[in-house]
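Visitor:
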């Protein structure tokens, strides 16, 4: 079967951070990029306004409030009211950014998002903080693992999941410039800064962060780093392999000495505990392979051409996301490839489960979203 793909993607390897696989790589929460982007958007466009639900520090909208106090609205703990206000302000020519935790917005106020924003094609930007399971100790009630699904399903809605703080800043500016509804998700925990200030960003475009011929990884959000780490380890990059060797003895000790509640501690026994030896054996079984890594910050519209071009070349795909497997990036990629380039696809993400309280790294390990699990999935496809 011939796979239809005729789009030449951006090839961004030269735009990645030069010290990505060293201890000198900078780590920042992606929410910091949202805060920086808001201020820049406010300076560029006097119609940009920000609404928040008593979470100015957590969403990083505080800097905008300080610089533009007359263009900031503190709604209080009232996410449904916030979305109605934002839709009304958009009707009068403003560019509102409605900021809250993702479980509350678009979670709690989804009806207002659906009718007042998406159906009305209102020029509202929805900013969802604390997305994914890496919120950690906040627990299942505050871990947004369904937000991509409930926004991606809405007509007219753009859905963005940037990989680092730089890309989140650019995504915020792109959202401000785009006329129409946008959902932007970002995270609380520090994560590696992969890109540089010069790395391009466009709504609807994916970026090939690493070229390869044996398999394709399509990832979004901070887990793009884990995808790159997995690919570099499979390729025999000694620096990347050292990161994994150094990571897991300490993690094993934390899991063993966990102070989590009893029921959680018991469930933690089911975590696959990696060791330098088990990782070495895993890589040895696969052998040295060349893996393509695609960063897909624009989950909707998805860059189906770039992904199909890669799938046609490699013949196998792994998707990686800090979100439910159902309805997220995996679904978007499968829907795009099924009619044009059907290849085997394996998902890495939340396996139809709610989260729980714990340290972010422990939870990512427990639910199988780190580099060794990606390597394992690649091995399954190659075999």
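Numbering (the numbering used here), first residue to last: 11 to 393. The beta-carbon is built from N, C-alpha and C at its ideal position, and this holds for glycine as well.
Tell whether a beta-carbon distance below 8 Å holds between residue 108 and residue 61.
Guide: Taking 8 Å as the Cβ cut-off, residue 108 and residue 61 qualify as a contacting pair.
Visitor: Say whether the region 375 to 388 touches the region 225 to 243, bearing in mind that this needs 3 or more beta-carbon pairs closer than 8 Å, one atom from each stretch.
Guide: By the C-beta criterion, the region 375 to 388 is judged to be in contact with the region 225 to 243, since at least 3 inter-stretch pairs fall below 8 Å.
Visitor: Compute the Euclidean distance between the alpha carbons of residue 3 and residue 180, then round it to the nearest angstrom.
Guide: This structure leaves residue 3 out entirely; the chain is present only between 11 and 393.
Visitor: What number of angstroms, rounded off, separates the C-alpha of residue 30 from the C-alpha of residue 89?
Guide: C-alpha separation (whole angstroms): 38 Å.
Visitor: May I have a chain-ordered list of the alpha helix (DSSP H) segments no shorter than 4 residues that lie completely inside the region 160 to 238?
Guide: Listed in chain order, they are 175 to 187.
Visitor: Rounded to a whole number of angstroms, what is the C-alpha to C-alpha distance between residue 302 and residue 319?
Guide: 11 Å
Visitor: For the beta strand (DSSP E) that contains residue 55, what are its first and last residues?
Guide: No beta strand (DSSP E) contains residue 55, which DSSP labels as neither H nor E.
Visitor: Could you check whether residue 168 and residue 190 sit closer than 8 Å to each other, using their CB atoms as the reference points?
Guide: The answer is yes: Cβ separation under 8 Å.
Visitor: Rounded to the nearest angstrom, how far is the Cβ of residue 40 from that of residue 175, given a contact under 8 Å?
Guide: 5 Å
Visitor: Straight-line CA distance for residue 379 to residue 155?
Guide: One C-alpha to the other measures close to 13 Å.
Visitor: Using the C-alpha atoms, what's the distance from residue 299 back to residue 250?
Guide: Near 14 Å, if we compare the C-alpha coordinates of residue 299 and residue 250.
Visitor: Could you tell me the alpha carbon to alpha carbon distance between residue 20 and residue 48, rounded to whole angstroms?
Guide: Summary for residue 20: the model assigns pLDDT 38, below 50, so the residue's position carries little reliability; its value from the coordinates is reported in the next sentence. Residue 20 and residue 48 have their C-alpha atoms some 26 Å from each other.
Visitor: Using DSSP with H/G/I as helix, E/B as strand and the rest coil, what is residue 83?
Guide: strand
Visitor: Based on the DSSP output, what are the partners of residue 110 in its beta bridges?
Guide: Answer is 138.
Visitor: May I ask you to report which of helix, strand or coil DSSP gives residue 333?
Guide: strand
Visitor: Can residue 186 and residue 113 be called in contact, C-beta distance under 8 Å?
Guide: no
Visitor: With DSSP as the reference, please indicate the residues paired to residue 62 in a beta bridge.
Guide: 84, 109
Visitor: Can you confirm whether the region 63 to 71 touches the region 132 to 146 when touching is taken to mean that 3 or more C-beta pairs between the two stretches lie within less than 8 Å?
Guide: As far as the Cβ criterion goes, the region 132 to 146 touches the region 63 to 71, which means the pair count is three or higher.
Visitor: Can you tell me which of the three DSSP states residue 127 falls into?
Guide: helix
Visitor: Hey, residue 206 and residue 25: beta-carbon distance below 8 Å or not?
Guide: Their beta carbons are under 8 Å apart, which means residue 206 touches residue 25 by this criterion.
Visitor: DSSP three-state call for residue 92: helix, strand or coil?
Guide: In the three-state reduction of the DSSP assignment, residue 92 falls in the helix class, which pools H, G and I.
Visitor: Are residue 163 and residue 153 closer than 8 Å when you measure CB to CB?
Guide: no
Visitor: Run through DSSP, which three-state label would residue 378 get?
Guide: coil
Visitor: By a C-beta neighbour count over all protein chains shown, 10 Å radius and 16 as the cutoff for buried, is residue 314 buried or exposed?
Guide: Buried, because 16 or more other Cβ atoms sit within 10 Å of the Cβ of residue 314.
Visitor: Rounded to whole angstroms, how far is the Cβ of residue 199 from the Cβ of residue 370, which I believe are closer than 8 Å?
Guide: 5 Å
Visitor: Please state whether DSSP places residue 76 in a helix, a strand or coil.
Guide: When secondary structure is reduced to three states using DSSP, residue 76 falls in the helix class.
Visitor: Between which two residues does the beta strand (DSSP E) harbouring residue 357 extend?
Guide: DSSP places residue 357 in the uninterrupted beta strand (DSSP E) bounded by 355 to 360.
Visitor: Cα separation between residue 177 and residue 293?
Guide: 31 Å
Visitor: Along the chain, where does the beta strand (DSSP E) containing residue 304 start, and where does it finish?
Guide: 301 to 305
Visitor: What's the gap between the Cα of residue 390 and the Cα of residue 194?
Guide: 33 Å
Visitor: Give a yes or no on whether the C-beta atoms belonging to residue 310 and residue 342 are separated by under 8 Å.
Guide: yes
Visitor: Let me confirm a value: residue 151 is counted as buried when at least 16 other C-beta atoms fall within 10 Å, else exposed. Which label applies?
Guide: Exposed, since its Cβ has fewer than 16 Cβ neighbours within 10 Å.
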